[in-house]
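Undergrad: After the structure tokens below, expect a handful of questions from me.
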Amino acid sequence: MCAAPVVLGIESSCDETGAGLVRDGRLLGHAVASSMDEHALFGGVVPEIAARAHVHALGPVVRRALGEAGLRMADIGVVAVTTGPGLSGALQVGLAGAKGLAYALGVPLYGVHHLARHVAADTLAHGPLPDPCVVLIVSGGHTSLLLVRDLGRDRIVHLGDTLDDAAGECFDKAARVFGLPYPGGPAIDRAARVGDPRAVPFPRPLTGPHDDPYGFSFSGLKTAAARWAERHHGRALPVADGAASLQEAVADVLTRKAVAACTAHGVGTLVVVGGVAANSRVRALAEERCAAAGIVLRVPPPRLCTDNGAMIAAVGDLLVRAGAEPAPLDVSVDPSAPLEYAALHPVARAAAAAGASAAAGAW
Ligand code: KG4
Ligand code: ZN
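Reminder that position 362 of the sequence shown reads as 362 in my numbering, one-by-one numbering, no gaps.
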């Protein structure tokens, strides 16, 4: 039997250029470069600056990942790249680089959904996902509760999504009004350590008896944080208390709904992924509530929660092993792609669906 190929994953959807190498579910090496410092001045990511930074970082990052893995360019057997969602210019830089490498090396190319790789990141830490599982994706741009079966083949079912802001966006914007640095999530996490989570009674949006049980809304919470800060005008802001209370509200809503989704669907495993899964209170509360409900909790280590190329390689590796068809070389970016399948190009989707129905027919 021939050995599984080395998959190079390339990530460039936002401000980080990442490259990772995975073979057969094992991470061999990864490297990342960030243009975050260049954006900090503006309080958020500037798309044109991000795209230019990717142009400079892509080659060195791929070489560093290869160096860490002790591999050479010629060892790469598959290239996987984020094709969406994300910043259009930033995505295009990564895709152009990935196409060039795949073409030059004569190896298959896979276009991968940005969010699927957050899910796949957990497989690097904890092995294959159980089928089915409920996945809570909480990042800077997305908050979704998903019912996931076979990530490499099956359609992903959205149980609920955010109606407005994502949880990470709420942290980032609130941090700004609290006078904390960008990115706001880690800064709120740090400030909250010495704060009282009961100090400010922030709302728990969409948790009423008639609300969508799996829907999220964080824009009201963000506004509540801004109003609270405004009320202290002229006086010192108790930032630690505000941060701890906001973090508590976000962690409470996220984990309450995720556990309810598992219970209602009879699913025994919850997987929490995305940048906000690095949050210490989200992790602790998820652990507490899953243990109480008899649900197995899987959360990747913090370094695999935020964006990096290792995760793209992990999805590529899953797709190869699921027998998905590669992307054509004219595949393009899809900056606002919905998450339906891990692979983002129609050929792979069709092949995966055919595989899935063949598997279903075997029952
Ligand atoms: O998944 P990610 O790296 O990028 C996106 O796909 O958006 O997530 C970034 C988000 C940012 O909003 C950042 O503030 C948040 O994750 N984040 C955190 C923490 N670390 C990163 N939020 C709360 N606590 C953290 N420790
Ligand atoms: Zn992300």
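Backbone N, C-alpha and C fix where the C-beta goes; we use that ideal spot for every residue, glycine too. Owing to the predicted nature of the structure, the values given are computational and were not obtained by experimental measurement.
Per DSSP, Ser144 is paired with what?
TA: For the purposes of this step, residue 144 is taken as residue 144 along the sequence shown, with counting starting at 1. BP columns for Ser144 point to Ile137 and Asp161.
Undergrad: Under the criterion of a Cβ to heavy atom distance below 7 Å, does His118 qualify as lining the ligand ZN?
TA: Start at 1 with the first residue of the sequence shown, and residue 118 comes out as number 118. Yes; taking the cut-off as 7 Å, the Cβ of His118 has a heavy atom of the ligand ZN nearer than that.
Undergrad: Within this structure, are the beta carbons of Ala19 and Val61 separated by less than 8 Å?
TA: Indexing the sequence shown from 1 puts residue 19 at position 19. Indexing the sequence shown from 1 puts residue 61 at position 61. For the 8 Å CB-CB criterion, Ala19 and Val61 form a contact.
Undergrad: What does the alpha-carbon distance come out to for the pair Arg235 and Gly242?
TA: Working through the sequence shown from its first residue, we reach residue 235 at position 235. Working through the sequence shown from its first residue, we reach residue 242 at position 242. Answer to the nearest angstrom: the Cα atoms are 14 Å apart.
Undergrad: How about Val78 and Pro128: are their beta carbons less than 8 Å apart?
TA: As a first step, residue 78 is located in the sequence shown; it is residue number 78 there, counting from the start. As a first step, residue 128 is located in the sequence shown; it is residue number 128 there, counting from the start. No, the Cβ-Cβ distance between Val78 and Pro128 is not below 8 Å.
Undergrad: The beta strand (DSSP E) with Arg23 in it runs from where to where?
TA: By one-based count along the sequence shown, residue 23 stands at place 23. Element bounds for Arg23: Glu16 to Arg23.
Undergrad: Whole angstroms is fine: what's the gap from Gly294's alpha carbon to Leu66's?
TA: Working through the sequence shown from its first residue, we reach residue 294 at position 294. Working through the sequence shown from its first residue, we reach residue 66 at position 66. Distance between the alpha carbons of Gly294 and Leu66: 41 Å.
Undergrad: Taking the straight line between their C-alpha atoms, what separation do you get for Cys305 and Glu38?
TA: Position 305 of the sequence shown, counting from 1, holds the residue named residue 305. Position 38 of the sequence shown, counting from 1, holds the residue named residue 38. Spanning the alpha carbons of Cys305 and Glu38 requires a straight line of approximately 22 Å.
Undergrad: Span of the alpha helix (DSSP H) holding Glu288?
TA: Within the sequence shown, the letter at position 288 stands for residue 288. Where Glu288 is concerned, the enclosing alpha helix (DSSP H) stretches over Ser280 to Ala293.
Undergrad: Can you give me the C-alpha to C-alpha distance between Arg321 and Asp165, rounded to a whole angstrom?
TA: Start at 1 with the first residue of the sequence shown, and residue 321 comes out as number 321. Start at 1 with the first residue of the sequence shown, and residue 165 comes out as number 165. When rounded, the distance between both Cα atoms is 35 Å.
Undergrad: Between the C-alpha atoms of Phe42 and Met36, what's the straight-line distance to the nearest angstrom?
TA: In the sequence shown, counting from the first residue as 1, residue 42 sits at position 42. In the sequence shown, counting from the first residue as 1, residue 36 sits at position 36. Going by the C-alpha atoms only, they are around 10 Å apart.
Undergrad: For Glu11, name the three-state secondary structure that DSSP assigns.
TA: Walking along the sequence shown from the start, residue 11 turns up at place 11. Correct three-state label for Glu11: strand.
Undergrad: Does the distance between the C-beta of Gly84 and the nearest non-hydrogen atom of the ligand KG4 fall short of 7 Å?
TA: As a position in the sequence shown, residue 84 is number 84, starting the count at 1. No, since every heavy atom of the ligand KG4 falls outside the 7 Å radius drawn around the Cβ of Gly84.
Undergrad: Taking one C-beta from the stretch 116 to 125 and one from the stretch 322 to 332 each time, how about it: are there three or more such pairs within less than 8 Å?
TA: no
Undergrad: What would DSSP say about Ala360, mapped onto helix, strand or coil?
TA: By 1-based counting over the sequence shown, the position of residue 360 is 360. In this prediction, Ala360 has a pLDDT of 37, which is less than 50 and means its spatial position is unreliable; nothing more can be read from the coordinates.
Undergrad: Tell me whether Val112 sits in a helix, a strand or coil according to DSSP, three-state version.
TA: To locate residue 112, count along the sequence shown from 1; it is residue 112. The answer is strand: DSSP assigns Val112 an E or B state.
Undergrad: Please confirm whether Tyr103 and Leu329 have their CB atoms less than 8 Å apart.
TA: Numbered from 1 along the sequence shown, position 103 holds the residue referred to as residue 103. Numbered from 1 along the sequence shown, position 329 holds the residue referred to as residue 329. In this structure, Leu329 lies closer than 8 Å to Tyr103 by Cβ.
Undergrad: Out of curiosity, what's the CA-to-CA distance linking Leu318 and Asp122?
TA: In the sequence shown, the residue the question calls residue 318 occupies position 318. In the sequence shown, the residue the question calls residue 122 occupies position 122. Straight-line Cα distance between these residues: approximately 12 Å.
Undergrad: Report the partner residues of Gly29 according to the DSSP bridge assignment.
TA: Taking the sequence shown and counting its residues from 1, one reaches residue 29 at position 29. Leu21.
Undergrad: Is DSSP giving Ile76 helix, strand or coil here?
TA: Numbered from its first residue, the sequence shown carries residue 76 at position 76. Here Ile76 sits in strand by DSSP.
Undergrad: Can you determine whether any heavy atom of the ligand KG4 sits closer than 7 Å to the C-beta of Ser139, and answer yes or no?
TA: Here residue 139 corresponds to residue number 139 of the sequence shown, with the count starting at 1. The answer is yes for Ser139.
Undergrad: Need the endpoints of the beta strand (DSSP E) that Val46 sits in, please.
TA: Looking up residue 46 in the sequence shown gives position 46. Counting along the chain, Val46 falls outside any beta strand (DSSP E), and DSSP gives it neither H nor E.
Undergrad: List the endpoints of the continuous alpha helix (DSSP H) containing Val267.
TA: In the sequence shown, the residue the question calls residue 267 occupies position 267. Run containing Val267: none; DSSP gives neither H nor E here.
Undergrad: Tell me, please, which residues DSSP counts as bridged to Leu297.
TA: For the purposes of this step, residue 297 is taken as the residue at position 297 of the sequence shown. According to DSSP, Leu297 bridges with Leu270.
Undergrad: Taking Gly215 as part of the alpha helix (DSSP H), name the residues at either end of that continuous run.
TA: Reading the sequence shown from its first residue, position 215 is the one you call residue 215. Per DSSP, Gly215 belongs to no alpha helix (DSSP H) and is neither H nor E.
Undergrad: The alpha helix (DSSP H) spanning Tyr103 covers which residue range?
TA: If you number the sequence shown from 1, residue 103 lands on position 103. Run containing Tyr103: Ser88 to Leu105, per the alpha helix (DSSP H) assignment.
Undergrad: Would you grab the beta carbon distance between Thr83 and Val112 for me? Rounded to a whole angstrom, and I think it's under 8 Å.
TA: Along the sequence shown, one-based indexing puts residue 83 at 83. Along the sequence shown, one-based indexing puts residue 112 at 112. Their Cβ separation, rounded to whole angstroms, is 7 Å, which keeps Thr83 and Val112 in contact under 8 Å.
Undergrad: Do you know how far the Cα of Val135 is from the Cα of Gly361?
TA: Within the sequence shown, residue 361 is the residue found at index 361, counting from 1. Within the sequence shown, residue 135 is the residue found at index 135, counting from 1. Per-residue confidence for Gly361 stands at a pLDDT of 34, beneath the threshold of 50, marking its modelled position as unreliable; the derived number appears in the next sentence. Taking the straight line joining both Cα atoms gives about 26 Å.
Undergrad: Go ahead and pull the three-state DSSP assignment for Gly84.
TA: As a first step, residue 84 is located in the sequence shown; it is residue number 84 there, counting from the start. It is a strand residue.
Undergrad: Quick one: using the 10 Å Cβ neighbour count with 16 as the cut-off for buried, is Glu11 buried or exposed?
TA: Counted from its first residue, the sequence shown places residue 11 at position 11. Classification for Glu11: buried.
Undergrad: Return the CA-CA distance between Gly140 and Ala74, expressed in angstroms with no decimal places.
TA: Taking the first residue of the sequence shown as 1, we reach residue 140 at position 140. Taking the first residue of the sequence shown as 1, we reach residue 74 at position 74. Approximately 35 Å, taken between the alpha carbons.
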